[in-house]
Amino acid sequence: MRVLIVEDDPTLAANLGEYLEEQGDEPDYASDGRIGLQLCATESYDALILDLRLPRLDGISLCRRLRQEQGVNTPILMLTARDTVEDRIEGFEAGTDDYLVKPFSLRELYLRLSAIVRRHQPVGAGPLTVGALSLDVDSHVVRYRDRPIELTPIGFAMLEMLMRASPGLVSRADFEAKIWNGEPPESDAALRGHVHRLRELLEAAAEQPVIHTVHGVGYRLLETT
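Those letters in the sequence shown? Residues 1 to 225, per UniProt numbering, in order.
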């Protein structure tokens, strides 16, 4: 996914961009709020990361102008050193989708970013496609090119999550919440078993790697050809 980082701290911006690139994403940069506003008017992004305290145009004002003046519906993650209820309310009223308080781990940032991107994706809006793999949410049909792939209901739900998140990842916690309604078994063997079976079925059809494990984080769908 293409992500705009609006951050005036060059070290933090570089760290964020490097981490996004490691996940296979494409970062773009703005060093102040006005540049961020201009870029959003001329470029297309899958997500925005805004610092609350920005020169020339602060994060709250930038978020509000993007939503109200430019009609931008892109998912927004706000970074802030302040964690009061009033700050959060102001941010959400301006249109941010989530807050992350400094200091934070890059892993948590990426999981939160992926989550808000998934929430913005339409449900039931025709087949999902990633490379040569397609999934029809309405008819519950999965195909690799023209070949149908038979999946269990759990396998279908997991693949749908992976495709909606692509090229981002799905965390283990997200899978567990979907499969076991937030009450997973004590052992992670059950989840690993479902992922293993789904991987086997997809790779048997595609004859190439399809699911990549990001150790300690989650899983990502690879683009098939």
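A virtual CB, placed ideally from N, CA and C, is assigned to each residue, including glycine.
Here the structure is a predicted model, which means the values were calculated and not measured.
Tell me, which residues are paired with residue i by DSSP?
i	result
residue 265	An answer regarding residue 265 cannot be provided, because it is not within the stretch 1 to 225 covered by the chain.
Arg64	Arg64 pairs with nothing; no bridge assigned.
Tyr110	For Tyr110, which the question treats as bridged, DSSP gives no partner whatsoever.
Pro148	Arg143
Thr80	Val101
Val195	For Val195, which the question treats as bridged, DSSP gives no partner whatsoever.
Ser134	Thr129, Arg143
Using the beta-carbon count (16 or more within 10 Å), is residue i buried or exposed?
i	result
Asp146	exposed
Ser114	buried
Asp25	buried
Thr74	buried
residue 226	There is no way to answer for residue 226, as the model of the chain reaches only from 1 to 225.
What is the rounded straight-line gap between the Cα of residue i and the Cα of residue j?
i	j	result
Ser134	Thr213	21 Å
Ile60	Glu90	8 Å
Glu7	Leu128	33 Å
residue 228	Gly131	Because the chain spans 1 through 225 in this model, residue 228 falls outside it and cannot be assessed.
Asp98	Ala205	38 Å
Gln23	Arg56	31 Å
Name the two residues that bound the continuous alpha helix (DSSP H) containing residue i.
i	result
Thr11	10-22
Leu52	Looking at the DSSP string, Leu52 is not in any alpha helix (DSSP H), and its letter there is neither H nor E.
From what residue to what residue does the beta strand (DSSP E) around residue i run?
i	result
Val210	No beta strand (DSSP E) holds Val210; DSSP gives it neither H nor E.
Arg172	Premise fails: Arg172 lies in the alpha helix (DSSP H), 172-180, not in any beta strand (DSSP E).
Handout entry: Segment contact, 8 Å Cβ cut-off, at least three pairs: the region 68-80 with the region 94-110
Key = Counting Cβ pairs under 8 Å, three or more are found: they touch.
Handout entry: Meets three-Cβ-pair contact criterion under 8 Å: the region 40-54 and the region 77-90
Key = yes
Handout entry: Segment contact, 8 Å Cβ cut-off, at least three pairs: the region 158-170 with the region 208-225
Key = yes
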